[in-house]
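Taking my numbering, the leading residue of the sequence shown gets -3, the next gets one more, and so forth. Yeah, the Cβ is synthetic: ideal placement off N, Cα and C, and Gly gets one too.
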Amino acid sequence: MRVLIFTGSSGGHMFPAFGFIDALQIKYPLIETLLVLPRKSLGEWAKKRSYPYKVIEVSSFGLARGMRNAKALLQLCISCPKIIFLLFTFRPAVVVGFGGISTILAIMLGRFLGIKTLIHEQNVLPGRANGFLAVFADAIAVSFEETASHLAHFEKKLILTGLPLRKELIRIGKKEALEFFGMNESLVTILVLGGSQGSHRVNIAFLGAILGLMHKDGIQVIHICGPLDCSALNEAYGKEGIPARVFDFFEKMQFALSASDMVVSRAGASTIAELIRYELPAILIPYPFARKHQAQNARHLQTIGAAVCIEETAVLESELKDNIASLVNDKERLVRMRYAYRKTAYRDGGNLLSEAVRSLCP
């Protein structure tokens, strides 16, 4: 059996695809996989993880983009025969799509050729590609129960799998995780995440919030900030004497998540799944654009009491400071927020999605 996997170029698309391949290789080692990426630069990710992969270049469309949309349309036309060739030569039993423009062609062509198809929706609110493809897919795997209300016409196709996490995202003892960073067990550890590319707005607001706290002595920070702000943040933390480990990008997230007492973050679907896996109290700052997917993701954790949600407004820094101070000074509340995760079931997304794909081909 062979499975052909298409993913978009963002971390929100790629990381769940990686988690799915990891689980599929463990659960069904005889199944052969091929990952298709939309950019050559993403091939380094697949090489690091030893995934067989191909690159079929595509670009996304957007409003008022002019020539860029024309180029995207041309790339889409060129990629069509390439995908058809891949379907005939690789001969997959199932085509799996994780969102993005290239997934649209793959799922539609696969369906036309009589190949079983499955799409995975990471967010509570389905993306445009998956919303369109729901008609064509044989099965629709979703990460959140709430997604069903947005895909009510396709209820018979829906499978609640959760979101696949990479195999290395295991829970590590907190002492070992803190030793990995050379950090102090007696301090409250805050992990800051701005999404796969880092968020300048989150970085600057968090720094201002921390510097504005009355009592900073009991805090230490792990800050994964993206490439633009790394040196400036390092300098600022050092100048203020705040123990901090700053990274532009960090691969061994199992250590960062295991070491932390609370998280300040965007609210991408992969981040939400990781917070659930590690039962981490969070202050979430949803990305305000992209159809406000992240606001609905954040609401999932806010509703059960595991997270506080803050909108990205002009007073973000002030609100962030107040909420950090409130949580740091209330250890019992942090414990309650951890226990709140027991109200939502953790699902092994990789295994459940692997079973869903396997069930399409008896």
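As DSSP reads the structure, I220 sits in a beta bridge with L189, F243. In the displayed model, I79 falls within a helix according to three-state DSSP. In the three-state reduction of the DSSP assignment, E172 falls in the helix class. Considered as a whole, the segment 227 to 311 harbours 240 to 243, 258 to 261, 278 to 280, 303 to 305 as its complete beta strand (DSSP E) runs of no fewer than 3 residues, in chain order.
DSSP places A137 inside the beta strand (DSSP E), whose first and last residues are 135 to 138. Ranked by Cα distance from G264, the first of A291, R241, L20, F243 is A291. When DSSP reads this structure, T29 sits in a beta bridge with V(-1).
Judged by DSSP in its simplified three-state form, E117 adopts strand. For F140, the number of other beta carbons within 10 angstroms of its own is at least 16, and it is reported as buried. The segment 149 to 160 makes contact with the segment 115 to 135: 3 or more CB pairs, one atom from each, lie closer than 8 Å. If you ignore the 5 residues before and after L297, its C-beta comes within less than 6 Å of the C-beta of A303, all in its own chain and listed in chain order. Taking each of C357, L253, M258 in turn and checking the Cα distance to M333, the smallest one comes out for M258.
Here L253 is not near I281, since their CB atoms are 8 Å or more apart. Annotated three-state conformation of L209 is coil, per DSSP. Note on geometry: alpha-carbon atoms of V353 and A102 lie some 16 Å from one another.
Its chain contains D257, M258, P277, L323 as the residues whose beta carbon lies nearer than 7 Å to that of L330, once the 5 sequence neighbours on both sides are disregarded; these appear in chain order. Per DSSP, the unbroken alpha helix (DSSP H) holding Y335 starts and ends at 327 to 336.
In this chain, the alpha helix (DSSP H) harbouring V353 covers 345 to 355. Non-local beta-carbon contacts of H146 in its own chain, meaning distances under 7 Å to residues more than five positions away in sequence, involve L121, P122 in chain order. For M249, the number of other beta carbons within 10 angstroms of its own is at least 16, and it is reported as buried. Taking the C-beta atoms as reference points, K50 is found no nearer than 8 Å to L70. A direct Cα-to-Cα measurement between I306 and L316 gives close to 8 Å.
In the three-state scheme derived from DSSP, where H, G and I count as helix and E and B as strand, K163 is classed as coil. Burial is judged here by how many other beta carbons sit within 10 angstroms of a residue's own beta carbon; I186 has at least 16 and is buried. Taking the C-beta atoms as reference points, L161 is found no nearer than 8 Å to A240. Taken through DSSP and simplified to helix, strand or coil, I52 comes out as coil. Taking the CA atoms as reference points, F251 sits about 9 Å from G169.
As the crow flies, the alpha-carbon of V54 is around 43 Å from that of L207. Only residues of its own chain outside the window of five on either side were considered, and among them A89, V90, K112, L114, D134, A135 have a CB closer than 8 Å to the CB of L356, listed in chain order. In this structure, DSSP gives V324 a helical state, which the three-state scheme calls helix.
Going by DSSP, G15 is part of the alpha helix (DSSP H) stretching over 7 to 23. For G93, the enclosing beta strand (DSSP E) stretches over residues 90 to 93.
Take P284, set aside five residues on each side of it, and the residues of its chain with a beta-carbon closer than 6 Å to its own are E308, in chain order. Contact annotation, L0 with A137: C-beta distance approximately 16 Å; criterion of less than 8 Å not satisfied. Taking a contact as a CB-CB distance under 8 Å, the pair M179 and A255 counts as one, their CB atoms being some 7 Å apart.
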